[in-house]
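Q:
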Amino acid sequence: MAETILELKNIVKTFPGVKALSGIDFQLRSGEVHAICGENGAGKSTLMKVVCGVHKPDSGTMIVNGKEEKFSNPLEAYGKGVSIIFQETSLFEEMTVLDNLYLGHEMMKKIGPFSVIDYGAMKQKAEEIFKRLNTKIDLDAQVKSLGMAQKQMVEIAKALTFQANILIFDEPTASLTQREVTALFQIIENLKREGLGIVYISHRLEEIFEICDRVTVIRDGQYISTKDVKETNKDELVADMVGRKMGSYYPKANTKIGGELFRAEHYYDEGFLEDISFFVKKGEILGFSGLAGAGRTELMESICGLTGKAAGKLYLEGQEIEIHNYEEAMEHGIVYVSEDRGKYGLIVDMSVEKNISLPQLKKLKKQLDFLDIRKEKELGETYIREVGIKAPDGEFLVANLSGGNQQKVSVSRALALKPKLLLLDEPTRGVDVNAKSEIHKIISELTGQGLTIIMVSSELPELLGMCDRIYVMKDGSIAGCFDREEATQEAILSVALESKKGVGA
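Quick note: to get the numbering used here, add 2 to the position in the sequence shown (first position is 1).
1) On a CA-only basis, which of A143, G285 and Q154 is nearest G450? Give me that one, please.
2) Give every residue of the same chain whose Cβ lies closer than 7 Å to the Cβ of E319, excluding the five residues on either side of it in the sequence, and list them in chain order.
3) If you follow the alpha helix (DSSP H) that G62 is in, where does it begin and where does it stop?
4) Helix, strand or coil for K15? Go by DSSP, reduced to three states.
5) Please list the terminal residues of the continuous beta strand (DSSP E) segment that includes F398.
6) Whole angstroms are fine: how far does the CA of T163 sit from the CA of K127?
7) Short of 7 Å in beta carbon distance, which residues of its chain neighbour A266, apart from the five on each side in sequence? Order them along the chain.
8) Quick one: using the 10 Å Cβ neighbour count with 16 as the cut-off for buried, is F17 buried or exposed?
9) Does DSSP put I494 in a helix, in a strand, or in coil?
10) Using a 10 Å radius around the Cβ and a threshold of 16 neighbouring Cβ atoms, would you call K476 buried or exposed?
11) Suppose you measure from the CA of E329 to the CA of H268; what does that come to, to the nearest Å?
12) To which residues of the same chain is E95 closer than 6 Å at the C-beta, ignoring the five residues directly before and after it?
13) What residues in its chain sit with their C-beta under 7 Å from that of E510, if we drop five residues either side in the sequence?
14) Would you mind listing the beta strand (DSSP E) stretches within the stretch 163-220 that are 3+ residues and don't spill past its ends, in chain order?
15) Could you round the C-beta distance between G396 and K410 to whole angstroms and report it? I think they count as a contact, below 8 Å.
16) Smallest Cα separation from D230: which of V219, L399 and Y121?
17) Evaluate contact between the stretch 165-184 and the stretch 79-88, counting only Cβ atoms and requiring at least three cross-stretch pairs below 8 Å.
18) Do the stretch 22-32 and the stretch 209-228 meet, that is, are 3 or more Cβ pairs less than 8 Å apart?
19) Using a threshold of 8 Å, state whether the C-beta atoms of I190 and I203 are closer than that.
20) I'd like to confirm the pairing. Which residues does DSSP put opposite T454 in its beta bridges?
21) Figure out for me which residue from I113, L462, I210 and K112 has the closest Cα to the Cα of G289.
22) From this set, S227, H334, K365 and V183, which residue's C-alpha is nearest G245's C-alpha?
23) Closer than 7 Å to a non-hydrogen atom of the ligand PLP - does that hold for the CB of V339?
24) To the nearest angstrom, how far is the alpha carbon of V505 from that of G478?
25) Beta carbon of Q154, beta carbon of I139: below 8 Å?
26) If you draw a straight line from the alpha carbon of Y104 to that of G122, how long is it in whole angstroms?
27) From L178 to I375, what distance separates their C-alpha atoms?
28) Since K15 contacts D60 with CB under 8 Å, what's their CB separation in whole angstroms?
29) Between S460 and I287, what straight-line distance do the alpha-carbon atoms span, to the nearest angstrom?
30) What's the call for Q408, buried or exposed, on a 16-neighbour Cβ count within 10 Å?
31) For V413, count neighbouring Cβ atoms within 10 angstroms of its own Cβ and tell me buried if that reaches 16, exposed if not.
32) Flag this pair as yes or no: are the beta carbons of M50 and I13 separated by less than 8 Å?
33) Extract the residue ranges of the alpha helix (DSSP H) inside the stretch 252-285, only unbroken runs of 4 or more that lie entirely within it.
34) Compare the C-alpha of G223 against each of G482, G452 and G45 and name the closest.
35) Considering Cα atoms alone, identify which of E108, N136, F116 and S117 is closest to K125.
36) On a Cα-Cα basis, can you pick out the residue from R486, V354 and I113 that is closest to G467?
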């Protein structure tokens, strides 16, 4: 059995009014990838921040490479071989790759009585590390010029400049394309062979079964189980995570699909979209797949007037319509829920009910242009109940909700507008498996009530499980279209990766 290089014993951490961690145990061996699973708010990230010195535990013991440690900050953890790579990188955008790699622990040399930074030695060492990672990155480039995958490689390389042997990945694939995910998994496999221990946090259970050796589940800040990945399955993990067995992950209702509701013809926006034509039927869930950068979000935002009018024609219920801005889209009954809740979605410092009512304040006015507080409150209470938002009341701040419940507020805000066509862009990104199931159930119920939905998702199992048809986008155009019966992960990926451009409507 491999050596244990990280051991946590009875870790307790409290915040005002909240016991975030309650007696957590965890062990990491050299040469293994050990996953940590749990719902949003279970304590996964808090536990790792304790390991890295971001938070100090109230009690408990941490043993790193055979020695008991108590880190006061992440730099101390780095110095002892522990590094965390967050979903949002901690790099300085305006600095070069090389400066980021050695910030705070620069290699020095003597010139007479003076100590100066040895850029030559740092560059040589950095080149050796990137060669080890099978990655080429310009060391003189500013970090802001890099893509998300390259920034992650810089984070990994930075950890290796400290000679870290414990790497923690927190949702590392959330913003990566499938090709970038594959490349990252190969690097993780190589680091594992070198004897590094890797902690892997992800909501994507399929990734855990692909690259991890063991998996630990925590729930509500408490340790639940540790299992060998080969000896468990998705149903067991989910039951441990949520405290009960779950039904279908994709509760697709058998709804009656009507005639054509919406059509786009020869939609074109230079640099983003190229001659796109597609249609969606009443009561249908229409999926859009494709790699990151394929143009799916750009298409949805353009249809809704968020990025200005593109060339081409739009038809709703057989009538040609013009949409120049999002207000016009809403007037036609076309409502968009963005993948970026902060950009086009929620104001987290406001209450649930105010977020839900915000797009329709004109409708909630009474005489003398005063807001009808009673109607606003009733609207909030209605959707808290119908969508199942876990908030004590409508005045609860959105910032204090979990990611899954924040997403439910985004959906409620859209539903309150009574749309004919609902565009959902990555509706379950960053939410746990239980919240995903609840959102899928809501989507299915909505189509059962006659609503038409277009869903953009990077998770193929989600599209396959929920959609009636799936369009595949590539390089700003539609490369293919699959009916539910013929759609498979292999077929969709083949088109997304290899197909030449074409029109699929």
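C-beta atoms are modelled at their ideal positions from N, C-alpha and C, and glycine is treated no differently.
A: So, from the data block:
1) G285
2) L263
3) It is not in any alpha helix (DSSP H) - G62 instead sits in the beta strand (DSSP E) that spans S61 to V66.
4) strand
5) No beta strand (DSSP E) contains F398, which DSSP labels as neither H nor E.
6) 8 Å
7) I278, S279, F280, I305, G314 and L316
8) exposed
9) helix
10) buried
11) 23 Å
12) V145 and K146
13) This structure gives no information on residue 510, because the portion of the chain shown stretches from 3 to 507.
14) 168-172 and 199-203
15) Wrong, their Cβ atoms sit about 13 Å apart, outside the cutoff.
16) V219
17) yes
18) yes
19) no
20) L423
21) L462
22) S227
23) Here there are no bound small molecules, and the ligand PLP is not part of this structure.
24) Here V505 scores only 42 on pLDDT, less than 50, and its place in the model should not be relied on; the value that follows carries that caveat. About 11 Å.
25) no
26) 12 Å
27) 43 Å
28) 6 Å
29) 16 Å
30) buried
31) buried
32) no
33) none
34) G45
35) E108
36) R486
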